[in-house]
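Going by the working numbering, the sequence shown opens with residue 19, and the numbers climb by one from there. For every residue, glycine included, the Cβ atom is placed at its ideal position computed from N, Cα and C.
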Amino acid sequence: MKELIQKLKKEHTLSKAEWTELFTHRSQQTGEYLAEEARAVSRKIFGNRIYTRGLIEFTNYCKNDCYYCGIRKSNRNVSRYRLTEAQILECCESGYELGFRTFVLQGGEDGYFTDEKMLLIIRKIKERYPDCALTLSLGERSKKSYEAFYQAGADRYLLRHETADCGHYRKLHPAELSLENRMDCLRQLKEIGYQTGTGFMVGSPGQGAEQLAEDMLFIRSLNPQMVGIGPFVPHHDTPFAKEKGGTVELTLYCISLLRLMLPNALLPATTALGTIVPDGRERGILAGANVVMPNLSPVGVRKKYELYDNKICTGEEAAECRNCLQSRMQSIGYELAVDRGDYKPPV
Numbered sequence: 019m020k021e022l023i024q025k026l027k028k029e030h031t032l033s034k035a036e037w038t039e040l041f042t043h044r045s046q047q048t049g050e051y052l053a054e055e056a057r058a059v060s061r062k063i064f065g066n067r068i069y070t071r072g073l074i075e076f077t078n079y080c081k082n083d084c085y086y087c088g089i090r091k092s093n094r095n096v097s098r099y100r101l102t103e104a105q106i107l108e109c110c111e112s113g114y115e116l117g118f119r120t121f122v123l124q125g126g127e128d129g130y131f132t133d134e135k136m137l138l139i140i141r142k143i144k145e146r147y148p149d150c151a152l153t154l155s156l157g158e159r160s161k162k163s164y165e166a167f168y169q170a171g172a173d174r175y176l177l178r179h180e181t182a183d184c185g186h187y188r189k190l191h192p193a194e195l196s197l198e199n200r201m202d203c204l205r206q207l208k209e210i211g212y213q214t215g216t217g218f219m220v221g222s223p224g225q226g227a228e229q230l231a232e233d234m235l236f237i238r239s240l241n242p243q244m245v246g247i248g249p250f251v252p253h254h255d256t257p258f259a260k261e262k263g264g265t266v267e268l269t270l271y272c273i274s275l276l277r278l279m280l281p282n283a284l285l286p287a288t289t290a291l292g293t294i295v296p297d298g299r300e301r302g303i304l305a306g307a308n309v310v311m312p313n314l315s316p317v318g319v320r321k322k323y324e325l326y327d328n329k330i331c332t333g334e335e336a337a338e339c340r341n342c343l344q345s346r347m348q349s350i351g352y353e354l355a356v357d358r359g360d361y362k363p364p365v
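Here's what the structure looks like:
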């Protein structure tokens, strides 16, 4: 296994059979060795600086019915909300004062937020905060929409593919959604010029070594600037309510593999990781991640953006979130960076 890890570190790619072997024969010893290697690569490139992104969850309406998601359209128990333009700008203002230089607008696929509405919001944020990066996470839109958002000033776009295996995709999504379209969207985003992020759930129902191998092969071929992965955490109002969740060990293993495959990538230690174990985000950083995403959303709506059960930090003000993360990062020898934290390609 060490030979495969060293090959990945050197060549940044493996065959499907090699990826499958890495996932099939995973052990605690291999995971610890892998984390050491990944942490060393991350330290060499980024030092002890951890980039922060201020997350604004601006709508929990969604037209989709993904089987794993708490805000799926058929969940009648969700208390739906939409932030106004003024509320979104207030979130940015408080975040800017706290030192955030990247804002992430994330929401369900909500038809209320038309291209015209989004363009107004994007332009206002960029006019007020020209030194900040703006990331969008709005799901699948047309290439024309993506181009318009980019021209208005959006810098980055997050669109997790969730799984690169067609059969597995069908187990997680209703028939009207298409893996092919999802992948086309990601390729379009890269082509337009966005710093593009993808990712997948770790431990989702039906996922095994071969599915994880397909994820790695797809990510290698896409060569994104960002990869967001987190453990699958069941939500009580979904068809997957009784399914087993993903583990912290496998999630950390995947983070470390991604760091060796894409040394310069922006890899978040996600909230979901911090949800399944109290020190999950710290362990994510020590496995090779280099981004954290504190929540800037108004406290009154945070519990309503419940993609999965037991989400952390839903009652904290933005300043509390940031200060808590700062002390958590310092406890393991890292510092929160106050800058945009743009992707820098390998020299």
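In terms of CA proximity to THR153, GLY125 leads the group VAL96, GLY125, GLU209. In the three-state DSSP reduction, ALA227 falls in the helix class (H, G or I). With contact defined as three or more Cβ pairs closer than 8 Å, the stretch 330 to 346 and the stretch 143 to 162 are not in contact. At a Cβ-Cβ threshold of 8 Å, SER97 and ASP83 do not count as neighbours. Rounded to the nearest whole angstrom, the CA to CA distance from LEU195 to PHE218 is 16 Å. Between PRO223 and PHE167, the CB-CB gap reaches or exceeds 8 Å. Around the Cβ of ASN95, a 10 Å sphere holds fewer than 16 other Cβ atoms; the residue is exposed. For a cut-off of 8 Å, the C-beta gap from GLY157 to LEU177 is around 7 Å, short enough to register as a contact. In the structure shown, PHE64 falls within a helical segment according to DSSP collapsed to helix, strand and coil. With 16 or more neighbouring CB atoms inside 10 Å of its own CB, ASN313 falls in the buried class. Between ARG141 and GLY113, the CB-CB gap reaches or exceeds 8 Å. Comparing alpha-carbon positions, the option among ASP360, GLU127, THR48 lying closest to CYS87 turns out to be GLU127. For the set LYS25, TYR361, TYR69, PHE64, the Cα lying nearest the Cα of PRO286 is the one of TYR69. Note that the C-beta distance between LEU291 and ALA53 is not below 8 Å.
For ARG205, no beta strand (DSSP E) encloses it; the enclosing alpha helix (DSSP H) starts and ends at 197 to 210.
Note that the C-beta distance between SER163 and ASP133 is below 8 Å. Restricting attention to ASP360, ALA151, HIS186, ALA355, the CA atom closest to the CA of LEU284 is found in ASP360. With fewer than 16 neighbouring CB atoms inside 10 Å of its own CB, GLN169 falls in the exposed class. Look at MET244 here: in three-state DSSP terms it is strand. For GLY125, no alpha helix (DSSP H) run applies; the uninterrupted beta strand (DSSP E) run containing it begins and ends at 120 to 125, by DSSP. Between the C-alpha atoms of PRO192 and GLY65 there is a straight-line separation of about 43 Å.
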